[in-house]
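First the structure, in the form of structure tokens, and then the observations on it.
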Amino acid sequence: MNITVCFDKLDPAPWVQGVQAALPQARVSAWSPGAPQADLAIVWAPPQQFIDEQPGLQALFNIGAGVDALLKLRLPAGLKVVRLDDAGMSVQMAEYVCHTVIRHFREFDTYGADTQMGKWSYRKPRSRADFAVGVMGLGVLGERVAKALQVFEFPVNGYSRSPKQIADVRSFAGPGQLGEFLQATRVLVNLMPLTPETEDILNRATLSQLQRGGYLINVARGRHLVEEDLIALIDEGHLAGATLDVFRTEPLPSEHPFWRHPKITVTPHTSARTLREESIAQIVGKILALQRGEPIRGVVDPQRGY
Ligand code: OXD
10 MNITVCFDKL DPAPWVQGVQ AALPQARVSA WSPGAPQADL AIVWAPPQQF IDEQPGLQAL
70 FNIGAGVDAL LKLRLPAGLK VVRLDDAGMS VQMAEYVCHT VIRHFREFDT YGADTQMGKW
130 SYRKPRSRAD FAVGVMGLGV LGERVAKALQ VFEFPVNGYS RSPKQIADVR SFAGPGQLGE
190 FLQATRVLVN LMPLTPETED ILNRATLSQL QRGGYLINVA RGRHLVEEDL IALIDEGHLA
250 GATLDVFRTE PLPSEHPFWR HPKITVTPHT SARTLREESI AQIVGKILAL QRGEPIRGVV
310 DPQRGY
């Protein structure tokens with residue numbers, strides 16, 4: 010079995026070594042143009058040339074949760090695309106989102122600014138019941154985030170394409186219930202896959218339906234958000250602010266207004282990092298399962314886009 014590794018802007022060497030050590034019977038190598046044909050590939054945002062030069066591939070293993078960059082390519086019909094499913098990402102996402110929700114709810118930035126000035130201040134406690142958190146996208150990451158938020162007793166709403174039951178999460182499904190979901194939500198957490206249906210879904214028409222004082226946490230993809238609509242809604246006072254981990258252009262250009270907006274916190278696409286050892290173990294497990302003819306999790310439906 011030949012396995013090739015092709016990454017955009019990431020050193021493939023430790024992955025080649027790790028997969029080779031776990032599968033001594035395979036031949037594992039980093040792809041370069043003109044490389045021999047492989048049976049399987051481990052990829053992150055590969056170029057079209059890679060796909061065109063490797064017509065014999067049976068499966069592509071994506072080393073992230075989002076497969077939007079992969080599905081933009083012309084892929085041969087029948088090529089199996091497999092995404093990471095969890096592999097240590099969901100706990101990081103839960104940490105990031107809970108941290109952000111709590112930082113906002115408990116006004117820790119305001120306390121931080123006061124203490125920097127040597128000011129001992131108290132703010133009136135806010136009611137958790139007024140801070141319903143809406144999680145958009147209830148896949149592996151979204152479900153973990155929803156459950157983690159419940160530990161802190163925030164009311165949690167969930168929005169997904171098809172109905173999904175999670176204990177004590179108020180569930181909304183499909184475009185027909187999007188308005189109701191937004192109107193019941195104060196803090197919106199975006200964890201949806203990026204597909205033609207969800208591109209630009211966070212815009213003036215949707216974000217203005219959040220409860221007054223609403224807050225956005227975008228940890229999915231930058232192209233979900235119409236950036237100027239967010240800034241306008243914050244500046245008009247309808248939204249209290251946002252924490253953004255993903256952007257239409259990454260790295261975020263230095264002149265971008267998000268960097269300097271006092272109510273927007275920027276992090277550099279770091280909410281849930283791919284953990285190499287966990288990911289290699291998961292991909293190797295799936296390769297062995299496929300060899301035994303067993304079903305695996307994380308196979309992408311190209312029509313649905315995730
Ligand atoms: C991913 C990401 O898709 O890191 O996993 O954005």
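So for the sequence shown, our numbering puts the first residue at 10; every next one is plus one.
Where a beta carbon is used, it is the ideal one built from N, C-alpha and C, also for glycine.
In the three-state reduction of the DSSP assignment, ALA39 falls in the strand class, which pools E and B.
For CYS15, the beta-bridge partners assigned by DSSP are VAL52. In this structure, the straight-line span from the alpha carbon of LEU216 to that of LYS81 is close to 27 Å. Ordered along the chain, residues surrounding the ligand OXD are GLY73, ALA74 and GLY75 [Cβ under 5 Å from any heavy atom]. By the C-beta criterion, the region 82-97 is judged not to be in contact with the region 173-192, since fewer than 3 inter-stretch pairs fall below 8 Å. When beta bridges are read from the DSSP output, TYR168 appears opposite MET145 and PHE181.
The Cβ atoms of VAL178 and VAL228 lie no closer than 9 Å to each other. By alpha-carbon distance to ASP139, the top candidate from LEU158, VAL293 and ALA193 is ALA193. Taking 8 Å as the upper bound for CB-CB distance, ASN11 and PRO42 are not in contact here, some 16 Å apart. Shown here, ALA176 sits in coil according to DSSP, grouped into three states, outside any helix or strand. Annotation for ALA86: no alpha helix (DSSP H) segment contains it, and DSSP assigns it neither H nor E. In the same chain as PHE117, and ignoring 5 residues on each side of it, the C-beta atoms closer than 8 Å to its own belong to ILE111, in chain order. With contacts defined as CB atoms closer than 9 Å, VAL149 and SER99 qualify as a contacting pair.
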